[in-house]
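Novice: Quick note, the sequence shown lines up with residues 4 to 143 if you use the working numbering. Just so you know, even glycine gets a beta-carbon here, dropped at the ideal spot from N, CA and C.
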Amino acid sequence: MSDWNQKIIEEFRANEGKVGGPFEGAPLVLVRHRGRKSGRESIAPMMYLPHETNDDVVYVFASKGGAPENPDWYYNLTAAGTATVERGTETYAVTVRDVTGAERDERYAEQARRYPGFAEYAEKTAGIRTIPVLELTRSA
Numbered sequence: 004m005s006d007w008n009q010k011i012i013e014e015f016r017a018n019e020g021k022v023g024g025p026f027e028g029a030p031l032v033l034v035r036h037r038g039r040k041s042g043r044e045s046i047a048p049m050m051y052l053p054h055e056t057n058d059d060v061v062y063v064f065a066s067k068g069g070a071p072e073n074p075d076w077y078y079n080l081t082a083a084g085t086a087t088v089e090r091g092t093e094t095y096a097v098t099v100r101d102v103t104g105a106e107r108d109e110r111y112a113e114q115a116r117r118y119p120g121f122a123e124y125a126e127k128t129a130g131i132r133t134i135p136v137l138e139l140t141r142s143a
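#1: In whole angstroms, what is the alpha-carbon distance linking TYR95 and VAL88?
#2: Bridge partners of SER45, per DSSP?
#3: Considering only C-alpha positions, which residue in the set ARG141, THR140, ILE11, VAL136 is nearest to TRP76?
#4: With 16 other CB atoms within 10 Å as the buried threshold, where does THR128 fall?
#5: Would you check if the region 76-86 and the region 50-60 touch, i.e. whether three or more CB-CB distances between them fall below 8 Å?
#6: Have a look at LYS10 and SER66 and give me their C-alpha separation to the nearest angstrom.
#7: Could you name the residues of the same chain whose beta carbon sits closer than 7 Å to that of ARG107, not counting the 5 residues immediately before and after it, in chain order?
#8: Let's test the definition: count the other Cβ atoms within 10 Å of the Cβ of ARG117 and tell me whether it reaches 16, buried, or not, exposed.
#9: Decide if ILE131 is buried, meaning its Cβ has at least 16 other Cβ atoms within 10 Å, or exposed.
#10: On the DSSP bridge list, what partners appear for PHE64?
#11: In whole angstroms, what separates the C-alpha of TRP7 from that of ARG90?
#12: Whole angstroms is fine: what's the gap from ALA102's alpha carbon to GLU138's?
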């Protein structure tokens, strides 16, 4: 998986935040975070949903392709409460908020409407886990 991620990261950085393949045309960010146990820095490419009116806010989804468990980066981000985002040609610090309840459901439904793969991920995890949604807000 890390080789696959590394190729996406390199393509993202070489093309001002744009990549091809399965992510062609999709909004993508690179999220830098530190392992809560290892302390090592990692970078995870993620599709995001932009906030409707606030360009400083994006939502990411801990789908892990519909796996029965959350991705490690989810736990790292929620434990730290902060991260660094690369979006297009910008790099900036963000605060992390776990979105819950009706707000989470609305954000996830909108992502699934735009990108049907997310609806498939939710079907795969039904009865096992609810896919978390995180709000990443640019820090002042």
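Specialist: Per the coordinate set shown:
#1: 5 Å
#2: HIS36
#3: Out of ARG141, THR140, ILE11, VAL136, VAL136 has the C-alpha closest to the C-alpha of TRP76.
#4: buried
#5: no
#6: 20 Å
#7: If the five residues before and after ARG107 are omitted, its C-beta is found closer than 7 Å to the C-beta atoms of VAL136, all from its own chain and listed in chain order.
#8: exposed
#9: exposed
#10: Looking at the DSSP assignment, PHE64 forms a beta bridge with VAL136.
#11: Straight-line Cα distance between these residues: approximately 19 Å.
#12: For the record, residue 102 in the displayed sequence is Val; it is not Ala. Distance between the alpha carbons of VAL102 and GLU138 is about 6 Å.
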